[in-house]
Amino acid sequence: MRKLSMALLAGVALVGCGGPEASETRIPSFEEFKASAINDEGNVYVVNGDEAVEGVEGLQAYYDNFVANGDVGATQDGLAVYYIGGDIKWSSTQKMNLTYCISSSSFGTRYSTMVSAMNSATAAWEATASVNFVHSTTYDSNCTASQAGVLFDVRMVSGQSYLARAFFPNSSRSARNVLVDSSSFGSISPWTLTGILRHELGHVLGFRHEHTRSSASGCYEDSQWRALTTTYDRSSVMHYPQCNGTQTGDLVLTTLDKQGARALYP
Ligand SMILES: [Zn+2]
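Take the sequence shown: its position 162, counted from the start at 1, is 162 in the numbering used here, and no numbers get skipped.
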């Protein structure tokens, strides 16, 4: 989840999402695009605010597919799944065993708060779709990007431009991290840590940002998605409020989010 400016928190201005006239602006060179991308830990770049792309190769592919050809202007027709010739989602067996660890050393005194927030956020998705997250506490003391005992790791970072970032089901193990910036434990009202995690876990399940369904959101990203509901949902848990969204409270699953999640994981 991308951070909000203080002005935005007060409901005053939009920030950080390109702009409705983005399609008319000059297409940057790859070097310019790369310079503007966030180089996260190791070999991972973050695009669209909180989504991981693996390596310079992954960034180049993203650039070639969407930035270089000025791929903008989606149709306006809740939830959308990551789609590359097929849905990017977990298999019927894997979806019932989405294991994760929570790094006790990185969260420190915030560890128990993080455990509670993950329990609440995973429960929200489990209550509506046929998925099951499992906290493998055995690995919490060695919860790294190379921990093979879990599907993904949850760790705390500091000083990032995002509140948290996640990954999609087609990511390799080393990029399958939910990284939570320490600022997420501060004043982020009207959001909560649990709300931020509900959004990030949506990516983990394969859901794209809802605002990429609308060119009017000013935050169109690319066309690699398939609509799961016929109606575009400006209040979706996957819609950045700062992108002409209508959710003014915490990030919660809407009726359309639940419909979409059940459509992908019935
Ligand atoms: Zn996101």
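Glycine is no exception: its CB is placed at the ideal position from the N, C-alpha and C atoms.
Beta-carbon gap between residue i and residue j smaller than 9 Å
i, j, result
"T137", "S103", "no"
"S91", "P266", "no"
"D50", "Y162", "yes"
"G206", "I88", "yes"
"F152", "T194", "no"
"V178", "R165", "yes"
"D181", "M156", "yes"
"K95", "N65", "no"
"C101", "N142", "yes"
Cβ of residue i within 9 Å of any chain C Cβ
i, result
"V154", "Checking the listed chains, one finds no chain C in this structure; it contains a single protein chain."
Same chain only: Cβ atoms within 6 Å of residue i, ignoring 5 sequence neighbours per side
i, result
"D257", "G78, L79, S236 and V237"
"R234", "G245 and T246"
"P241", "Q247"
"R117", "It is Ala, not Arg, that sits at residue 117 in the sequence shown. Excluding positions up to five away in sequence, the list reads L193, T194 and L197."
"F30", "Y63"
"A261", "T128 and A129"
"V67", "F33"
"R208", "A80, Y82 and W225"
"R272", "No statement about residue 272 is possible, as the shown extent of the chain runs from 1 to 266 and does not include it."
"D40", "V46"
Collapsed DSSP secondary structure at residue i in the structure displayed
i, result
"L205", "coil"
"R176", "coil"
"D250", "coil"
"D40", "coil"
Chain-order list of residues whose beta-carbon lies under 7 Å from that of residue i (same chain, five-residue window excluded)
i, result
"A61", "none"
"D250", "P190, W191, T192 and G195"
"V47", "A37, V53 and Y62"
"S146", "S174"
Ligand 2 heavy atom lying under 8 Å from the CB of residue i
i, result
"N48", "The model depicted lacks ligand 2 and carries ligand 1 instead."
Spatial neighbours of residue i in its chain, beta-carbon cut-off 8 Å, leaving aside the 5 residues before and after
i, result
"S171", "A52 and E54"
### Complete beta strand (DSSP E) runs within the region 111-171 (minimum length 3 residues, chain order)
133-135 and 152-157
### Message
Extract the residue ranges of the alpha helix (DSSP H) inside the region 190-237, only unbroken runs of 4 or more that lie entirely within it.
### Response
Taking only runs of at least 4 residues, the alpha helix (DSSP H) segments lying wholly in the region 190-237 are 193-204.
### Task
Evaluate contact between the region 173-186 and the region 205-220, counting only Cβ atoms and requiring at least three cross-stretch pairs below 8 Å.
no
#### Entry: In chain order, each alpha helix (DSSP H) run of at least 4 residues that lies wholly inside the region 48-105
Runs found: 55-62.
### Query
So does the region 188-205 actually touch the region 119-129, counting three or more Cβ pairs closer than 8 Å?
yes
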